[in-house]
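Working notes, structure below.
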Amino acid sequence: MKKYIVSLAIVLLGVGLTGCSATNSEGTNDSTSKTSTSSPAKKETIEVTDSNGKLSVPKKPKKVVVFDNGSLDTLDALGVGDTIVGAATDNLPTYLKEYKKIESAGGIKEPDLEKINQMKPDLIIISGRQSDFLEQLQAIAPTMYLAVDPTDTWNSIKHNVETLGQVFGKEKRAKKQLAELETNISETKEKAAASNEKALAVLVNEGQLSAFGKDSRFGIIYDTFGFAEADDAIKASTHGQSVSYEYVLEKNPNILFVIDRTKAIGGDDSNNNVADNQLVAQTTAGKNNKVLSLQPDVWYLSGGGLESVKLMLADVNQALK
């Protein structure tokens, strides 16, 4: 009888242990299941307006590919240059040379889509030169198109800077730097108006000239910095109006601003010394030593950023000394 009772106790104990084991196993599996099915937290986004309209982009992105050098210099000025993981490094102006050390994302007119995809950026920033690749870039990451509107230069620059400030959480810093820049621009504008001098901006490329007026690529000289036009009939064009040295003499500007495209892209600019041309020497600008070379890589490869606009402003102020 005693043997029977002991045997029964052992059997009951075994059943109890098995039940506990099953219960613990289910509890563990349930917990594991909950952990494995939980989704990662979504990245915070912000809605902004770029040159094409409204879009959602990541708030405070950590990995950014930038093709627009004006936007790149704005990010640098806002203190978030360390987020840039790729750029058109072969086409960077001298004042942005420290960014040559980052990885190349392709040429300024032809992004390397495969390499950009490998970078896994949170955000891509482009301007007009890369607009043909917009859809392909959007397939890789949210892409902001920040162009400068030549018919409303300063307001579009302000909008782009403020937009970058919002995206990167640097709104106050952006507004402060814009306010300082606006003060300096106003001073230049007043001086330019008081001088009563008319200016002409030309791009020289392998000895050939193109003139630019208001509502054009270099219209900032007139509509933002306040210089009067030597010719108010120049056709608005991205590439300017092809002109001759005879044209320059005919328009006879008080100030001739020269942007050397050949030098900007690293070519041989030995034929581009506009100031030495005999016809230019006969103009008022030539006689008064006001044939002024602007920093070509700033004006041709960049522009529209906090740092580049400061440099452009310093350039044109040479004419007002």
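In terms of mature numbering (1 follows the signal peptide of the UniProt record, and there is no 0), the sequence shown is residues -22 to -1, 1 to 299. Glycine residues also receive a C-beta, built at the ideal position from the N, C-alpha and C atoms.
Under the three-state reduction of DSSP, ASP60 is assigned to helix.
Residue pairing of TYR77 in beta bridges, as defined by DSSP: absent, with no partner found. Cα atoms of THR166 and GLU175: separation of roughly 13 Å, rounded to the nearest angstrom. Of all C-beta pairs linking the segment 259 to 269 to the segment 28 to 45, fewer than three are shorter than 8 Å, placing the two stretches out of contact. In the DSSP secondary-structure assignment, MET122 is bridged to ILE103. Annotation: ARG239 to LEU56 spans about 29 Å, alpha carbon to alpha carbon. Its chain contains GLY143 as the residues whose beta carbon lies nearer than 6 Å to that of GLU149, once the 5 sequence neighbours on both sides are disregarded; these appear in chain order. Restricting attention to SER280, ILE237, THR52, the CA atom closest to the CA of LYS153 is found in THR52. Taking the Cα positions, PRO71 is about 22 Å away from PHE203. By DSSP's assignment, THR27 forms a beta bridge with LYS32.
In the DSSP assignment, LEU178 falls within the unbroken beta strand (DSSP E) covering 176 to 183. CA-to-CA, the gap between LYS79 and LEU270 works out to about 32 Å. In this structure, DSSP gives ALA189 an extended state, which the three-state scheme calls strand. Contact between the segment 128 to 137 and the segment 95 to 114 is not established, with fewer than three Cβ pairs separated by less than 8 Å. In this structure, PHE146 sits away from PHE196, with a CB-CB distance that is not shorter than 9 Å. With fewer than 16 other Cβ atoms inside 10 Å of its own Cβ, ASN266 counts as exposed.
Straight-line measurement puts the Cα of VAL139 at about 43 Å from the Cα of GLN256. For the pair ASP46 and ILE103, the CB atoms are nearer than the 9 Å cut-off. The residue among ALA170, GLY64, ALA83, PRO89 with its C-alpha nearest the C-alpha of ASP201 is ALA170. Counting only residues of its own chain and dropping the five nearest sequence neighbours on each side, VAL63 has a CB closer than 7 Å to the CB of LYS41, VAL42, VAL43, ILE80, GLU81, MET97, PRO99. DSSP places VAL139 inside the alpha helix (DSSP H), whose first and last residues are 131 to 145.
Under the three-state reduction of DSSP output, PHE45 falls in the coil class, being neither helix nor strand. Unbroken alpha helix (DSSP H) stretches of 4 residues or longer found wholly inside the segment 235 to 281: 239 to 242, 256 to 259, 262 to 265, 274 to 279, given in chain order. The beta carbon of PRO274 is closer than 6 Å to those of ILE237, ASP238, LYS241, ALA242 in its chain, skipping five residues each way along the sequence. Beyond the five residues adjoining it in sequence on each side, SER134 comes within less than 6 Å, by CB distance, of VAL126, ASP127 in the same chain, given in chain order.
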